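*Asks:*
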Amino acid sequence: MELAWKVAEGSEVRLADYDPDYTAKNTSHSEAKEELDKLGAELDGLQELMWAAHHHSLLLILQGMDTSGKDGTIRHVFSHVNPQGCAVQAFKVPTEEEASHDFLWRAHKVTPGRGALTIFNRSYYEDVLVVRVHNLVPEEVWTKRYKEIKHFEKLLVDNKTIVLKFFLHISKDEQEQRLLAREKDKDKAWKVAVGDWKERAYWDEYQKAYEVALSKCSTDKAPWYIVPANHKWYRNLAIAHTLVHVLRGYKDEWQADLEKRGRQALAELRQMRKEAHK
Ligand code: AMP
Ligand code: MG
Numbered sequence: 001m002e003l004a005w006k007v008a009e010g011s012e013v014r015l016a017d018y019d020p021d022y023t024a025k026n027t028s029h030s031e032a033k034e035e036l037d038k039l040g041a042e043l044d045g046l047q048e049l050m051w052a053a054h055h056h057s058l059l060l061i062l063q064g065m066d067t068s069g070k071d072g073t074i075r076h077v078f079s080h081v082n083p084q085g086c087a088v089q090a091f092k093v094p095t096e097e098e099a100s101h102d103f104l105w106r107a108h109k110v111t112p113g114r115g116a117l118t119i120f121n122r123s124y125y126e127d128v129l130v131v132r133v134h135n136l137v138p139e140e141v142w143t144k145r146y147k148e149i150k151h152f153e154k155l156l157v158d159n160k161t162i163v164l165k166f167f168l169h170i171s172k173d174e175q176e177q178r179l180l181a182r183e184k185d186k187d188k189a190w191k192v193a194v195g196d197w198k199e200r201a202y203w204d205e206y207q208k209a210y211e212v213a214l215s216k217c218s219t220d221k222a223p224w225y226i227v228p229a230n231h232k233w234y235r236n237l238a239i240a241h242t243l244v245h246v247l248r249g250y251k252d253e254w255q256a257d258l259e260k261r262g263r264q265a266l267a268e269l270r271q272m273r274k275e276a277h278k
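If you count the sequence shown from 1, position 46 lands on 46 in full-length UniProt numbering, and the numbers rise without skipping.
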């Protein structure tokens with residue numbers, strides 16, 4: 001059972017077909033907390049195994065409209081994971097240096113090395129989202145980027161990076177509620193940004209830009225998942241569940257790598273002792 005919707009390669013996404021309020025029938029809010037704890041513990045174990053096996057790396061991309069819960073996901077889903085071997089990279093408006101390079105330069109530098117997990121809080125997808133919505137570069141430049149992104153992700157996958165991409169899908173009404181809640185809560189007021197209300201005016205353009213990005217750039221090897229995100233507890237559960245299910249598929253291979261590394265290490269030690277006795 002999938003809790004988030006995987007976008008099949010080559011399909012045309014219409015976001016209106018996906019309900020941001022969706023919660024799978026047989027999960028309730030109270031059960032979800034327990035389930036998330038269980039998945040978190042399993043995720044911790046899998047990440048440790050990946051780290052030790054040193055064979056694959058994991059790149060997790062989080063995208064979504066303002067207030068869709070990218071920060072909350074990182075806090076709640078990854079709280080169990082060992083900070084060693086885990087990094088979070090946030091992508092903001094490019095600096096002067098970043099903007100003087102190709103759009104993938106700043107991302108490529110911070111992709112995870114063998115064994116590591118890196119979470120991208122926003123990503124190079126902004127270069128076909130905000131950039132497209134506001135025409136920050138000419139159309140002939142951003143239209144090429146979908147293909148360039150696919151090539152880049154293929155390069156990563158060919159080099160043993162597991163690439164998973166989550167679109168946190170909220171409704172326009174839910175965004176309004178969340179923006180207003182920030183204003184009312186003095187602990188959240190620091191998050192208030194005039195820009196968020198300004199960007200909200202481009203809601204439809206952003207939805208369209210997401211539809212194109214998800215349609216063009218979801219591949220079997222580097223899939224996009226649409227995560228119903230109006231309910232925060234369900235969003236966390238859906239992401240943790242998807243992640244754990246994908247990583248389970250590598251468990252035997254990692255275990256075998258680890259045993260092989262163990263045998264090699266012991267053999268080297270025996271050899272060293274034998275030579276010391278000569
Ligand atoms: P936040 O995630 O709220 O800290 O905001 C980061 C801001 O940086 C968002 O408004 C993004 O749209 C913007 N941003 C990220 N990448 C780019 C990019 N390549 N070009 C322009 N703006 C970007
Ligand atoms: Mg923001």
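Ideal Cβ positions, reconstructed from N, Cα and C, are used throughout, including at glycine.
Because the structure is a prediction, the values reported are computed rather than measured.
Tell me the rounded alpha-carbon separation between V212 and E42.
*Replies:* 34 Å
*Asks:* Does DSSP put K6 in a helix, in a strand, or in coil?
*Replies:* strand
*Asks:* So what does DSSP say about K144, is it helix, strand or coil?
*Replies:* coil
*Asks:* Please tell me whether, using a cut-off of 7 Å, the distance from the CB of L269 to the nearest non-hydrogen atom of the ligand AMP is below it.
*Replies:* no
*Asks:* Does the ligand AMP have even one heavy atom less than 7 Å from the beta-carbon of R122?
*Replies:* yes
*Asks:* Identify whether N121 lies in helix, strand or coil by the three-state DSSP scheme.
*Replies:* strand
*Asks:* So L39 and K251 are in contact, right, with Cβ under 8 Å, and what is the actual spacing, rounded?
*Replies:* That pair is no contact at about 14 Å.
*Asks:* What three-state label does DSSP hand S30 in the structure shown?
*Replies:* helix
*Asks:* My output table needs one value for T67: the three-state DSSP class, helix, strand or coil.
*Replies:* coil
*Asks:* In the DSSP output, what is L214 paired with across the bridge?
*Replies:* Answer is none; L214 lacks a bridge partner.
*Asks:* With 16 as the cutoff for other CB atoms within 10 Å, does M272 come out buried or exposed?
*Replies:* exposed
*Asks:* Does the segment 64-77 touch the segment 166-173, meaning 3 or more C-beta pairs lie closer than 8 Å?
*Replies:* Look at the beta carbons and you see the segment 166-173 touching the segment 64-77: at least three pairs across the two are nearer than 8 Å.
*Asks:* Going straight from the alpha carbon of V77 to that of L36, what length do you get?
*Replies:* Cα to Cα, the separation comes out at about 8 Å.
*Asks:* With a threshold of 8 Å on Cβ separation, who are the neighbours of G69 within its own chain once the five nearest residues in sequence on each side are excluded?
*Replies:* L168, I170, A229, K232, R235
*Asks:* At the level of alpha carbons, what is the spacing between W190 and A209?
*Replies:* 28 Å
*Asks:* Apply the 10 Å Cβ neighbour rule to L164 and answer buried if 16 or more other Cβ atoms are within range, or exposed otherwise.
*Replies:* buried
*Asks:* Quick check: the Cα distance between W51 and K6, rounded to an integer number of angstroms?
*Replies:* 26 Å
*Asks:* Compute the Euclidean distance between the alpha carbons of I149 and F103, then round it to the nearest angstrom.
*Replies:* 10 Å
*Asks:* Exposed or buried, residue 282, counting other C-beta atoms within 10 Å across all chains shown (16 or more means buried)?
*Replies:* The structure shown does not extend to residue 282, since the chain is modelled only from 1 to 278, so the question has no answer here.
*Asks:* Mind checking E2: buried by the 16 CB within 10 Å criterion, or exposed?
*Replies:* exposed
*Asks:* Relative to the C-alpha of V13, which candidate in A240, P94, P223, F91 has its C-alpha closest?
*Replies:* P223
*Asks:* Would you mind listing the beta strand (DSSP E) stretches within the segment 219-259 that are 3+ residues and don't spill past its ends, in chain order?
*Replies:* Qualifying beta strand (DSSP E) stretches, in chain order: 224-228.
*Asks:* Leaving aside the five residues before and after residue 294 along the sequence, list all residues of the same chain whose C-beta is less than 7 Å from its C-beta, in chain order.
*Replies:* Look at the range of the chain in this structure, 1 to 278, and you will see that residue 294 is not part of it.
*Asks:* Using C-beta distances below 8 Å, list every residue in its chain close to H108, excluding the 5 sequence neighbours before and after it, in chain order.
*Replies:* F152
*Asks:* Do you know whose CA, among E98, E183, F120, K216, lies nearest R145's CA?
*Replies:* Residue K216 is the option with its Cα nearest to R145.
*Asks:* Excluding five sequence neighbours on each side, which residues of the same chain lie with their C-beta closer than 8 Å to the C-beta of V157?
*Replies:* Correct list, in chain order: V163, K221, A222.
*Asks:* When burial is assigned at 16 or more other CB atoms within 10 Å of the CB, is V194 buried or exposed?
*Replies:* exposed
*Asks:* Give the range of the alpha helix (DSSP H) segment to which Q175 is assigned.
*Replies:* 172-184
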